[in-house]
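S.K.:
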Ligand SMILES: NC(=O)c1ccc[n+]([C@@H]2O[C@H](COP(=O)([O-])OP(=O)(O)OC[C@H]3O[C@@H](n4cnc5c(N)ncnc54)[C@H](OP(=O)(O)O)[C@@H]3O)[C@@H](O)[C@H]2O)c1
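Residue numbers (our numbering): 24 to 473.
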């Protein structure tokens with residue numbers, strides 16, 4: 024049943040029903056089914072008789088945006104910005120430690136995307152190689168190998184390429200018109216998905232609907248340019264090899280183009296690290312807000328979507344909540360993020376994010392902390408609660424999606440304590456259902472009325 028039908032049956036105007044949905048008075052989306060968003064049964068204050076509602080999201084963009092995965096673009100370059108040389112053999116820029124870094128990135132991703140040019144030139148396997156990382160994925164209930172994805176406009180894909188013959192699934196996006204030909208060529212080696220327009224947003228929307236929360240983009244030049252110019256990369260990881268290529272005909276990191284991140288809009292440098300003899304630079308590509316006032320609600324919702332995606336990365340626990348947290352500075356740049364159990368079995372998401380910033384970081388007082396769950400006010404595993412850490416950091420604005428259920432403490436009071444300390448607390452009930460999804464197994468343990 025869609026929302027309009029549900030409203031008609033109850034004599035409620037569809038616009039009113041939609042407004043209730045937007046205001047969080049109806050249960051929020053739990054999973055998606057094509058054009059419709061399924062809203063699971065839940066106790067609903069305004070409309071108690073609801074058991075299931077399908078709400079139609081208004082525009083294609085909105086649907087794609089709700090579903091869009093977090094995109095990490097990873098590339099290895101020479102000192103002079105080349106990602107290969109012009110010879111007939113593949114240039115290896117990475118050292119063994121960097122190959123391990125890429126393996127870990129792949130293992131942390133739901134899908135890996137490369138362009139057809141890279142397939143033809145490098146014939147990669149696109150696999151998680153480490154047996155340990157494969158086992159960790161399996162322990163998280165994931166397939167040992169992420170989905171492999173490519174795009175082609177020509178359909179020039181050799182069925183002998185290695186990636187088709189590996190464990191796991193491969194997906195090809197191509198224009199609708201050539202899809203039958205590509206299918207005939209590849210047979211059951213891959214799923215071929217024809218699209219009216221092969222645009223980055225369409226591909227990301229489709230991947231999101233398939234459950235891909237985190238996409239790793241691994242080249243080459245055309246694909247880097249495509250994603251970066253579309254402004255649809257969240258994180259750029261650049262591993263720089265300590266040598267020059269020095270050949271103007273070799274492929275560069277990107278083609279000449281107009282990028283959203285130019286000298287007026289700088290990316291946020293999140294990390295600099297040695298990886299053997301290579302330097303890893305990690306940038307966050309969140310577009311700066313033109314004004315420094317509080318972010319509009321739409322932006323809060325967008326950041327909370329990111330925090331929800333982070334929560335899905337928490338190692339599962341039968342005894343603790345899975346939470347995602349992001350700290351965003353006054354210009355609208357992400358400066359840190361974290362998730363539950365990210366670095367040790369007890370660390371909380373807010374704590375993990377704050378730990379990545381130096382104490383007294385001058386950006387913190389004007390930053391917003393986004394957390395999928397109300398910050399804890401009582402803590403057994405650590406001397407300080409997240410409320411205390413937030414106050415000590417000087418953060419004055421916290422956005423959260425769910426109240427803490429009374430499961431591990433009798434009367435959670437994080438929101439009240441922060442508000443009493445003068446922190447501006449913003450609740451996003453419309454995302455509460457999605458944010459509590461990773462904790463569904465715990466909510467079943469709630470005492471009656473809890
Ligand atoms: N150092 C690194 O980290 C790294 C990583 C990966 C790759 N590389 C290098 O990158 C180079 C390859 O780069 P490249 O630019 O030639 O190829 P590419 O970016 O891998 O792929 C480009 C191809 O993707 C398809 N494509 C792109 N946009 C599309 C769209 N909108 N719709 C449908 N299909 C689309 C087209 O395939 P069709 O031609 O089939 O239509 C296009 O030719 C190689 O030298 C490789 O070694 C380096």
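Beta carbons: idealized from backbone N, C-alpha and C, even for Gly.
Note down, in chain order, each residue of its chain lying with its Cβ closer than 7 Å to the Cβ of residue 152, except the 5 sequence neighbours on either side.
M.R.: Within the same chain, residue 152 has close Cβ partners 126.
S.K.: Kindly examine ligand 1 and report whether one of its heavy atoms sits closer than 7 Å to the Cβ of residue 215.
M.R.: No, ligand 1 has no heavy atom inside 7 Å of this Cβ.
S.K.: Sort 388, 238 and 144 by Cα distance to residue 95 and report the nearest one.
M.R.: If we check each option's Cα against that of residue 95, 238 comes out closest.
S.K.: Note down the Cα distance separating residue 311 from residue 343, rounded to an integer number of angstroms.
M.R.: At residue 311, the pLDDT of 45 sits below 50, so the modelled position is not reliable; the number obtained from the coordinates is stated separately. If you take the alpha carbons of residue 311 and residue 343, they lie about 34 Å apart.
S.K.: Between the beta-carbon of residue 437 and the beta-carbon of residue 374, is there less than 8 Å?
M.R.: No, Cβ-Cβ distance for residue 437 and residue 374 is not below 8 Å.
S.K.: Closer than 7 Å: is that where the CB of residue 224 sits relative to any heavy atom of ligand 1?
M.R.: Every heavy atom of ligand 1 is 7 Å or more from the Cβ of residue 224, so no.
S.K.: Compare the Cα-Cα distances from residue 249 to each of 439, 281, 290 and 272 and report the closest residue.
M.R.: For the residues 439, 281, 290 and 272, the minimum Cα distance to residue 249 belongs to 281.
S.K.: Quick one: any contact between the stretch 437-453 and the stretch 397-410, if contact means 3 or more CB pairs under 8 Å?
M.R.: Because the criterion of three Cβ pairs below 8 Å is met, the stretch 437-453 and the stretch 397-410 touch.
S.K.: Quick check on the DSSP output: what are the complete beta strand (DSSP E) runs of length 3 or more inside the stretch 200-266, in order along the chain?
M.R.: Segments of the beta strand (DSSP E) lying fully in the stretch 200-266: 214-218, 237-240 and 258-263.
S.K.: Let me make sure I understand the geometry here. Which of 222, 103 and 167 has the alpha-carbon closest to that of residue 133?
M.R.: Nearest C-alpha to residue 133: 167.
S.K.: Can the beta-carbon of residue 140 be found closer than 8 Å to that of residue 245?
M.R.: Yes, Cβ-Cβ distance for residue 140 and residue 245 is below 8 Å.
S.K.: When you measure from the CB of residue 409 to every non-hydrogen atom of ligand 1, does any distance come out below 7 Å?
M.R.: It does not: the Cβ of residue 409 is nowhere closer than 7 Å to a heavy atom of ligand 1.
S.K.: Taking 7 Å as the line, does the beta carbon of residue 219 fall inside it for any heavy atom of ligand 1?
M.R.: No.
S.K.: Which term fits residue 100, buried or exposed, when burial requires 16 or more other beta carbons within 10 angstroms of its beta carbon?
M.R.: So residue 100 ends up on the buried side.
S.K.: In or out: residue 285 buried (at least 16 other Cβ within 10 Å) or exposed?
M.R.: Residue 285 is exposed by the Cβ-count criterion.
S.K.: For the alpha helix (DSSP H) holding residue 459, just list the boundary residues, first then last.
M.R.: Run containing residue 459: 455-459, per the alpha helix (DSSP H) assignment.
S.K.: Could you check whether the stretch 318-336 touches the stretch 287-295, counting it as contact only if at least three pairs of C-beta atoms, one from each stretch, sit closer than 8 Å?
M.R.: These segments do not touch.
S.K.: Tell me whether residue 249, by its Cβ, gets closer than 7 Å to a heavy atom of ligand 1.
M.R.: Yes - ligand 1 has a heavy atom lying nearer than 7 Å to the Cβ of residue 249.
S.K.: What is the DSSP secondary structure of residue 51, reduced to helix, strand or coil?
M.R.: Low confidence applies to residue 51: its pLDDT is 41, below 50, so where it sits in the model is not reliable, and the reading given next is rough at best. Residue 51 falls in the coil class under three-state DSSP.
S.K.: Would you mind stating whether residue 243 and residue 106 have Cβ atoms separated by less than 8 Å?
M.R.: A contact, by the Cβ cut-off of 8 Å.
S.K.: For residue 208 versus residue 180, is the C-beta distance shorter than 8 Å?
M.R.: In this structure, residue 180 lies closer than 8 Å to residue 208 by Cβ.
S.K.: From what residue to what residue does the alpha helix (DSSP H) around residue 413 run?
M.R.: Taken as a continuous stretch (DSSP letters only), the alpha helix (DSSP H) holding residue 413 covers 409-416.
S.K.: Identify every residue that forms a DSSP beta bridge with residue 193.
M.R.: DSSP output for residue 193 lists 171 as bridge partner(s).
S.K.: Since residue 298 contacts residue 304 with CB under 8 Å, what's their CB separation in whole angstroms?
M.R.: Going by Cβ atoms, the distance from residue 298 to residue 304 rounds to 10 Å, so no, they are not a contact pair.
S.K.: By the 10 Å Cβ neighbour count, where 16 or more other Cβ atoms means buried, how is residue 463 classified, buried or exposed?
M.R.: That one is exposed.
S.K.: Is it the case that the Cβ atoms of residue 205 and residue 173 are separated by a distance below 8 Å?
M.R.: Not closer than 8 Å, so no.
S.K.: When every heavy atom of ligand 1 is checked, does at least one fall within less than 7 Å of the C-beta of residue 243?
M.R.: Answer for residue 243: yes, Cβ within range of ligand 1.
S.K.: Below 8 Å on the Cβ atoms is my contact criterion, and I expect residue 363 with residue 372 to pass it. Report the Cβ-Cβ distance as a whole number of Å.
M.R.: Confirmed, Cβ separation roughly 5 Å.
S.K.: My output table needs one value for residue 357: the three-state DSSP class, helix, strand or coil.
M.R.: Residue 357: strand per DSSP, three-state reduction.
S.K.: Considering only C-alpha positions, which residue in the set 254, 430, 357 and 307 is nearest to residue 386?
M.R.: Minimum Cα distance to residue 386 is reached at 357.
S.K.: I need the DSSP call for residue 307, collapsed to helix, strand or coil.
M.R.: Reduced to three states, the DSSP call for residue 307 is strand.
S.K.: Quick check: what's the CA-CA separation for residue 259 versus residue 97?
M.R.: Taking the straight line joining both Cα atoms gives about 6 Å.
S.K.: How far does the beta strand (DSSP E) with residue 342 in it extend, from its first residue to its last?
M.R.: Where residue 342 is concerned, there is no enclosing beta strand (DSSP E), given that its DSSP letter is neither H nor E.
S.K.: Report, in whole angstroms, the separation of the C-beta atoms of residue 308 and residue 256, which I expect to be a contact under 8 Å.
M.R.: Yes, they are in contact, since the Cβ atoms of residue 308 and residue 256 sit about 5 Å apart, within 8 Å.
S.K.: Using only the alpha-carbon positions, how far apart do residue 200 and residue 217 sit?
M.R.: Roughly 7 Å separates the two Cα atoms.
S.K.: Is the beta carbon of residue 163 closer than 8 Å to that of residue 339?
M.R.: Yes. Within cutoff.
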